[in-house]
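>
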Amino acid sequence: MVDGSEVAYDANDKTTIFIYKTASEPQVGLISYFKVLSGTLKAGDELVNADNGEVERISQLFVAEGQRENSRRAIGGRRFGGYSET
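Sequential numbering of the sequence shown, starting at 1, is according to UniProt numbering.
Shown next, in the form of structure tokens:
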């Protein structure tokens, strides 16, 4: 977290993700790449942005595999993924 300590993964805890990159892609819009730190992120979830307190809706989850982006309904288990912002 902020102090550099490791976050223990708990599938039953509230969903927490770390966004490490946001990029603008032509014909898609903003794409955010993240790692799930706890819980399970599902398409349609609404999370609170810790930086500004705003609620952000998560849509169109995917896992990047090479140059392909494979859609997922949910991502958990300390996995990496991405989502398009709406």
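Beta carbons: idealized from backbone N, C-alpha and C, even for Gly. This structure is a prediction, so every number in the text was calculated from the model and none was measured.
How many Å lie between I58 and K42 at the Cα?
Locating residue 58 in the sequence shown gives position 58, counting from the first residue. Locating residue 42 in the sequence shown gives position 42, counting from the first residue. Roughly 8 Å separates the two Cα atoms.
> Less than 8 Å between the beta carbons of S84 and I31, yes or no?
The count along the sequence shown starts at 1 and reaches residue 84 at position 84. The count along the sequence shown starts at 1 and reaches residue 31 at position 31. Taking 8 Å as the Cβ cut-off, S84 and I31 qualify as a contacting pair.
> Does the Cβ of V36 have 16 or more other Cβ atoms within 10 Å, making it buried, or fewer, making it exposed?
The residue you call residue 36 lines up with position 36 of the sequence shown. Burial call: buried.
> Under three-state DSSP, which class holds S5?
Working through the sequence shown from its first residue, we reach residue 5 at position 5. Looking at S5 - three-state DSSP - the assignment turns out to be coil, as it is neither helix nor strand.
> Determine, using beta carbons only, whether G76 and G44 come nearer to each other than 8 Å.
Working through the sequence shown from its first residue, we reach residue 76 at position 76. Working through the sequence shown from its first residue, we reach residue 44 at position 44. The answer is no: Cβ separation not under 8 Å.
> Do you know whose CA, among P26, D3, T22, lies nearest Y33's CA?
Here residue 33 corresponds to residue number 33 of the sequence shown, with the count starting at 1. The option with the nearest alpha carbon to Y33 is T22.
> Under a three-way DSSP split, which group does R72 fall into?
Looking up residue 72 in the sequence shown gives position 72. It is coil, neither helix nor strand.
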